[in-house]
Structures are given as C-alpha cells and as structure tokens.
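Residue numbers (this note's numbering): 15 to 423.
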C-alpha cells in the first residue's frame with residue numbers, strides 16, 4: 015500500500031509540473047536579447063511569439079548607473095503600444111476599470127529589471143493577430159529618451175490550448191461568474207464553494223469508484239505480499255499471480271490515481287480564473303447567452319469580509335487546508351484488524367504510510383500558501399467532499415464486496 019501511495023504522490027507532482035510545461039510550450043518562443051539590446055541603456059524584452067489570449071509581459075532592464083522612473087498613466091496602459099497595420103506602426107490605447115491609487119510610479123534601480131504585466135489591458139490591446147512592439151519614454155541624465163522592445167507577434171492558439179479553453183477554462187470561468195453574480199453580495203467565496211460542489215457532484219461516481227478501488231487494493235495487499243514471499247525471485251510468476259488477484263477481485267492497480275487525474279484540470283482552471291479572470295478586460299470570455307445576466311462589476315472578493323480571495327494567505331488558510339488533507343488521508347489509511355502473522359509485513363510499509371500521511375498535507379499547505387486564497391478555498395471544500403466520500407466507503411459493509419480469493423497453482 016505504501017508503494018501505491020508513493021506512486022500517487024509522484025503522479026500528483028508530475029501531472030502538475032507537466033501541465034505547466036505544456037502551457038509554457040504553447041505560449042511561444044522567447045525573444046533573444048541582441049547585443050545591441052544588451053548595450054542599450056534600457057532594454058525591453060518580450061516573447062517573440064505569443065498565442066492569442068496569452069498574457070503579454072514586458073521585461074525592462076535598466077543598464078544605467080542611476081534609477082529610472084516609468085510614468086504612471088493609469089487607467090491607461092503602461093508604456094506605449096504599437097501594432098503594425100501593414101504599412102505603418104499605429105499606436106493603440108485602452109483604459110482599464112481599476113483603482114489607480116494602488117498603482118504608483120514604477121522606479122527601476124540601476125542594473126536591475128522589472129516586469130510589467132498587461133493583465134488589465136491584454137485583450138483590448140493584443141486581442142487581434144498581428145505584429146506589435148512597445149516603447150518606453152523616460153529621462154536619463156536629464157535627457158528624455160525613447161527605447162523600443164523587440165517586435166513580437168500574436169499568433170493563433172494551438173490545438174491543445176483550444177481544447178483547454180473550450181473544455182475547461184471558459185466553462186469554469188462562466189460558471190464561476192454566473193454563480194458569483196447570483197450569490198448574496200456577489201460574494202466570490204460563495205461562488206467558489208458552489209462551483210466546487212457542482213464539480214465534485216459531476217465527478218462523484220468516477221471518484222467514488224476510484225476510492226473503492228483504493229480500499230480493495232489495501233485489502234488484497236497482504237495476499238500480494240504473501241505471493242511475493244512465496245515466489246521470491248520469480249518476477250514473472252509474481253506478476254501473473256498479482257494480476258490474477260486484481261482480476262478476480264476487480265481491482266485496478268491504477269484506480270487510486272483517478273481522483274488526482276480528474277481533479278487537476280479543474281484545479282488549474284480555477285487557479286487561472288481567480289488569478290487573471292476577474293477584470294473587465296476578460297468580459298469577452300462571457301458566453302453570449304449570459305451577457306445580459308452577469309457582470310464583472312462589483313464582485314466581492316472579500317470572503318466573509320475577512321479573506322481577500324485574489325491574494326495569498328500565508329498562514330491560517332494553508333493550516334486549515336493542510337489539516338483537512340491530513341484528515342482525509344488518515345481516513346483513507348483506516349486500519350482493519352490484522353492477523354498476528356501479518357504484523358511484520360505491515361510494519362515494512364507502515365513507515366512509508368506514516369511519512370506520506372504527514373508529507374502530503376504539508377505539501378498541500380505549502381501549495382495553498384503559494385496561490386490566491388480562492389484556490390485554497392476550492393481545494394479545502396473539495397477535500398471536505400472527499401472526506402464525506404471516504405466516510406461512506408469506510409462505513410460500507412464489506413459483506414457485499416467480493417472476497418479476496420487466492421489459489422496458488
């Protein structure tokens with residue numbers, strides 16, 4: 015059982031990193047900084063190619079020996095944005111609905127760099143395919159100078175990005191905006207809770223079957239251990255007998271991975287919705303049939319008036335979510351009465367189980383502390399749902415389940 019838990023954790027980490035690598039792979043090629051840019055007093059670098067809807071980010075490097083100041087033109091976009099119309103460069107302008115008091119002038123110290131995100135203006139400025147560039151006007155040694163970025167291109171979204179947006183991101187975005195709009199005080203936290211419950215009810219049967227499979231795997235583990243002992247050194251026979259036990263008891267060795275596999279796309283979609291989706295620039299993603307009923311105005315991101323769901327919470331929420339994860343895992347490790355002869359074999363995996371029992375909640379707590387609090391609320395409510403499912407499975411009568419049968423040939 016310990017190996018199965020360890021396998022699930024490894025899969026958990028690999029999937030998370032893999033999905034992020036996939037996203038990065040479809041965002042385009044990095045712009046190479048030329049020798050001229052390196053020698054320039056100020057260099058502005060942007061990815062050479064960006065898929066449509068990808069957030070445009072400019073990296074500004076101050077190569078001088080004095081600080082430079084970037085003027086705050088809020089609510090207008092930072093710096094100057096130009097689009098090539100086929101013959102000339104046309105300057106673009108956009109104004110965002112944001113609190114400009116929270117956006118002071120940006121000062122970049124000598125030999126340091128800063129990134130500027132266009133999350134509040136991204137679709138308005140870069141929504142169309144084409145070639146763009148950005149310029150900065152600043153004062154150096156009492157002289158006003160202009161610096162330009164590399165030219166970059168907005169390209170068509172790739173196939174997998176289209177599948178992701180159509181199948182996960184846009185549906186979850188619209189569901190969350192709709193639910194939040196019908197909640198009292200347009201409370202984003204209540205919207206996340208109801209969205210989580212809807213997702214978990216949709217996934218109820220596959221996740222329930224996966225949990226049952228995991229429980230059966232625990233029940234047949236002693237028999238598998240005996241097979242390994244009986245046919246020690248004969249890997250082919252061990253494999254044959256193990257697969258026979260799985261087949262006779264309707265156990266899938268990968269069944270315990272299913273809840274993780276199913277929930278990851280939803281988790282990542284919720285993450286991006288909360289991190290980037292709650293500003294007026296993204297109103298274009300709202301489905302046409304919802305546009306007359308929902309709005310991005312006045313969404314209350316303060317859950318219960320105390321927790322800002324768009325910002326990170328470093329202590330309380332991670333502790334709560336980690337505690338819930340510990341309880342869920344504790345229930346999934348629920349022990350059955352053991353025969354005296356099995357204690358020694360169980361002790362071999364007990365240390366691994368104990369390690370995972372504490373390692374996973376700590377890892378989840380760290381993850382919660384590193385993302386917007388709204389994602390932590392989603393994970394916490396999802397874990398509470400899993401606890402309920404686990405209690406149902408643990409309390410189910412085993413009389414109705416197939417008995418483990420082992421016949422050595």
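Note that CB positions come from ideal geometry on N, CA and C, so glycine has one too.
| Item | Value |
| --- | --- |
| Proximity below 8 Å, CB of residue 376 to CB of residue 285 | no |
| According to DSSP, residues forming a beta bridge with residue 106 | 95 |
| Cβ separation of residue 203 and residue 318, assumed to be a contact under 8 Å, to the nearest whole Å | 7 Å |
| Sequence-distant residues of its chain with Cβ nearer than 6 Å to residue 410 (five each side left out) | none |
| Residues that residue 201 bridges to, as DSSP identifies them | 314 |
| Integer Cβ distance of residue 66 from residue 170, believed to fall under 8 Å | 6 Å |
| Under 8 Å between C-beta atoms of residue 137 and residue 295 | yes |
| Backbone CA spacing between residue 135 and residue 378 [nearest angstrom] | 33 Å |
| Residue burial classification, residue 255 (beta-carbon count within 10 angstroms, cutoff 16) | buried |
| Identity of the residue in 335, 309, 337 nearest residue 189 by Cα | 309 |
| 6 Å CB neighbourhood of residue 428 in its chain, flanking five on each side removed | The chain is shown only over 15 to 423; residue 428 falls outside these bounds and no answer can be derived. |
| Cβ-Cβ distance between residue 124 and residue 80 below 8 Å | yes |
| Whole-Å CB distance - residue 84 paired with residue 72, under 8 Å assumed | With 8 Å as the limit, residue 84 and residue 72 do not qualify as a contact, their Cβ atoms being about 10 Å apart. |
| Secondary structure of residue 408, DSSP reduced to three states | helix |
| Where residue 326 sits in the DSSP three-state scheme | strand |
| Whole-angstrom distance between residue 396 and residue 87, CA atom to CA atom | 42 Å |
| The alpha helix (DSSP H) enclosing residue 234, as first and last residue numbers | 218 to 244 |
| Residue span of the beta strand (DSSP E) that contains residue 131, given as start and end | 127 to 131 |
| Every unbroken beta strand (DSSP E) within the region 159 to 193, with a cutoff of 3 residues, ordered by chain | 166 to 169 |
| Residue 211 to residue 173 span [Cα, whole Å] | 30 Å |
| Nearest-angstrom beta carbon gap, residue 93 and residue 130 [assumed within contact, 8 Å] | 7 Å |
| Distance, residue 331 Cα to residue 325 Cα | 12 Å |
| For residue 102, the nearest candidate out of 58, 147, 371, 393 (CA to CA) | 147 |
| Own chain, CB closer than 8 Å to residue 398, minus 5 neighbours either side, in chain order | 338 |
| Cβ-Cβ distance between residue 139 and residue 193 below 8 Å | no |
| Residue 74 beta carbon less than 8 Å from that of residue 127 | yes |
| Simplified DSSP state of residue 112, which is helix, strand or coil | coil |
| Distance CB(residue 259)-CB(residue 233) smaller than 8 Å | no |
| Residue 132 classed as buried or exposed, judged by whether at least 16 other C-beta atoms fall within 10 angstroms | buried |
| Separation of residue 264 from residue 184, as counted between CA atoms | 37 Å |
| Endpoints, beta strand (DSSP E) assigned at residue 81 | First-last for residue 81: undefined, no H or E at that position. |
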